[in-house]
Every structure is written in structure tokens, then in C-alpha cells.
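Take the sequence shown: its letter number 178 is residue 168 in the numbering used here, and every next letter is one higher. Okay, structure first, notes after.
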Amino acid sequence: MRIVFLGTSAAVSSNKRDNTSLLIDDVLIDCPGNVFGKMIKAGYDPLKLRTIIITHRHVDHAYGLPSLLEMLRLSGKKEPLKICINEDFFFEMRQILSVYGLIREDFPLEMAPIRVDGCVLFEDSLRIETFAVKHSVPNFGLKFSTSSACVVYTSDTEPCEEVVERAKGVDLLVHEATCSELVTGKKEGHSCVEDAARIAKQAGVKNLCLVHLGLELEEHLCKLTRTAEEIFNGRIIVPEDLDRVIV
């Protein structure tokens, strides 16, 4: 399983980090900014993309979708593209795409609303499960499994037991870390760096990635990583944009 971190920042981007988005094999998770261009920079052909998943309605997770679809259409993508959208936001996003003229017969989109919990998707040998997390709007995390690897991505969430349960023993936990007890204090609907480390320890994961990093944390990442390492004794990765991990 190949994970490319197309973006790693929280809602406010910086000169180093764009909003959080992941490419897992041929599946795109959330779609901010110029995802098409970032896939090319990462050495991935955007026309190979098979599935897009939008976890929730917040702008930093979805605003780039119309632009990405238009770029794919203009670049000659012919194979059907699956677009799985949180059911809380499905109608509005379909309307947005319609306004931009992207619901059309010559550009096949297979759009489907996705329940917050209990949904299972398949992309070839990749099994994708959704589970409810605790955010300010309905949102889901994702568990990706193959015969040899397992990865959990939390999307935006406060610390919650659902993440601990789904992440037990996984190879990699990709956990949001918008804030820090040392730098910003807690923020409603989000997790601190320290929270992510505690959850990784509780779940007994092998590796922890911190993403959705708040702008205020940028100058303190070395210190915050050391703090997390005092809580969780596994490997901790703070990826930069376009970094990749093979699981």
C-alpha cells in the first residue's frame, strides 16, 4: 500500500503545507487545492485515479473537487470515476458539480453517498471501511486493508474510542493533530499532538503519522515530536507535503 501525502496542513495552509489530502494507491482522500498538479509532482499520473472519497463538508476537504474533475475531463479521462461523498454533504456537492457543468454524459462519474459508519468499499484488493468520528459536523474515518497491511486515517476528530477500536494493532495510524496542549491548547472537534500519541499507544499501532497540522505548530514541530515520543514509543512520522510511505 502506497500513501502519498499531497497536503498536511489544517484549514489554514502555509508556504510549506497545503490542506490535508492523501493518495492511497489509486484512491484520493479529500480534495483541496491543486490536487491534479500535486499528483504530477509526486510522480503519479492523475488519469490512473479510480476513486475519490470526501470525508466531510468542511471547505478545506472538498473545495478542489470541481477543479480536479475538470482537469481530468480536459486531460481525456474516459474510465468511470467513483466519487464517494459523506451523505451529509452529498446533495450539496452534486449541486456544486452540476453548476460547473460536470454532470455530463461524456464524462462518466459514479457518485454515491457514504454513510458515516458501517460502510465497506472495495478497490481491487483494497478494502475500505468507514467509521464514525467526533467532529463538529458528521464525519468518518477510514480503515484501509490488504492481505498484508492495514492503515487507519482519522480525518478530523476529537479523541474518540472509535479510533482506538479501529486502529488496534494496525501498521500505520494517520491521525490529525491540529493543535497541541503545549502551544495552542485544545480545540473543539480536533485532536492535539499529545492526543494522537495517546491513542496510538492505546491502540498498540506500529507507526504514527501526524497530519492536519495547525499553522501555529509549524515552528514547534521538533519539540512536539519529542513530546509525542515520550508518550508513544513506536515510530512517529511528521510528513511534509508530497512525502510518501509504503506499508
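Glycine residues also receive a C-beta, built at the ideal position from the N, C-alpha and C atoms.
Here Glu206 has Val173 and Thr174 as same chain residues with Cβ atoms under 7 angstroms from its own Cβ, once five neighbours each way along the sequence are excluded.
In the three-state reduction of the DSSP assignment, Phe(-5) falls in the strand class. Judged by DSSP in its simplified three-state form, Arg47 adopts coil rather than helix or strand.
Distance between Ile42 and Leu211, taken at the CA atoms: about 30 angstroms.
The straight-line gap separating the alpha-carbon atoms of Asp78 and Arg47 is approximately 7 angstroms.
Measuring C-alpha to C-alpha distances from Ala139 to each of Leu12, Asp161, Asp146 and Thr120 identifies Asp161 as the nearest. Contact between Val153 and Cys199 does not hold, since their C-beta atoms are separated by about 13 angstroms, which reaches or exceeds 8 angstroms. Look at Glu113 here: in three-state DSSP terms it is strand.
Apart from the 5 residues on each side of it in sequence, Ala102 sits with its Cβ closer than 6 angstroms to the Cβ of Cys74 in its chain, given in chain order.
Nearest Cα to Pro56 within the set Asn24, Lys31 and Gly66: Asn24.
In this model, Asn5 and Asp35 are separated by some 25 angstroms (Cα to Cα).
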